[in-house]
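Asks: The structure is given below, and queries will be raised subsequently.
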Amino acid sequence: LSIGFILALYFSTNGIASIIEGFNSTVHAIETRSWLKQRLVSLFLLVVISVLIIILISLSIIGGYIIRWLMNEGILTDFFTILMIQVLRWILIVSLFLFTNSFLYYFAPARRRELRFISAGSTLTTILLILTTYGFNFYIDNFNRYNALYGSIGTLLVFMLWIYFNSIIVLIGFELNASIRMAKGDITAASEAEALGHS
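Numbered by this note's numbering, the letters in the sequence shown go through residues 268 to 466 in order.
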C-alpha cells in the first residue's frame, strides 16, 4: 500500500469520525467505544457509503447519459419503455439514498436507536442530497469556469464543496430525527404525568 493511499484513507475516516462526533453531540451521547473501535466503525461506514455513492452516481448521472445516448441513437424509441426505465431508475435512486442515510444514522452514533428505513430526517436528507447532486452536475455541465481556469483542480474544488454541503445536510437530517424523538418523549412524559395526576 502506498503512503498516499494510507493518508487518503486516514483523512477519509477522519471525516466520518467528525460526522459521528456531530451525531453524538446532537443526542448528548457519551462515546464509550475505544479509539480503535471508532476507527473500525468509521472505516466500515466509509467502505459501505463509498460503494453506495458509486452506485448512486452510476444510476443518477451516468445512467441518465446512457439513456439519452440510447434515445439519440434510436435504440430506445418507445415512450412507455423510456418512462418505465426512468421511473425504475428514480425508485432505485431514492431507495438507495434512503437506505444510505438510515444506515448511517443507525450505525454511526454511540447510542443506537431502532433502525428505520424511512424517517423524517432520512427523507429530508434524501431530497436535499438529490438536489445538491443534480445542482452540482448541472453546474459542471453548464457553468464550470473552474475547469477552464484551473483544470482538474477546479473539479476537485467543486467536489469538496459538494462533500461539505452534503455533510451539513446529513447532520441536519439527524438533528431533525433527534428533535422529533425528543418531542415525542416530552409528549409521552406529559401524558403519563397527567394520567398519574388523575389517578
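Even for Gly, the Cβ is constructed at its ideal location relative to N, Cα and C.
On a predicted model such as this, the values are computed, not experimentally measured, just so you know.
Find the nearest neighbour of Ile273 within the set Thr293, Val294, Leu310, Ile352, judged by alpha-carbon distance.
Replies: Comparing Cα positions, the closest option is Leu310.
Asks: Using the three-state DSSP reduction, which class does Phe272 fall into: helix, strand or coil?
Replies: If DSSP states are grouped into helix, strand and coil, Phe272 belongs with the helices.
Asks: Beta-carbon within less than 8 Å of Ile286's beta-carbon, same chain only, minus the 5 sequence neighbours each way: which residues are those?
Replies: Taken in chain order, the residues that qualify are Leu371, Ala375, Ser434, Val437, Leu438.
Asks: Just to confirm before moving on: does the CB-CB distance between Tyr373 and Leu382 stay below 8 Å?
Replies: Against a cut-off of 8 Å, the Cβ pair of Leu382 and Tyr373 comes out as a contact.
Asks: Could you work out which residue in Arg448, Arg378, Val314, Ser386 is closest to Gly289 when comparing CA atoms only?
Replies: Among Arg448, Arg378, Val314, Ser386, the Cα nearest to that of Gly289 is on Arg378.
Asks: Rounded to a whole number of angstroms, what is the C-alpha to C-alpha distance between Thr400 and Leu303?
Replies: Cα-Cα distance, rounded: 33 Å.
Asks: Relative to the C-alpha of Ala387, which residue among Leu343, Leu443, Thr299 is closest?
Replies: For the residues Leu343, Leu443, Thr299, the minimum Cα distance to Ala387 belongs to Leu443.
Asks: Please classify Thr348 as buried or exposed, where buried requires at least 16 neighbouring CB atoms within 10 angstroms.
Replies: It is exposed - the Cβ of Thr348 has fewer than 16 other Cβ atoms within 10 Å.
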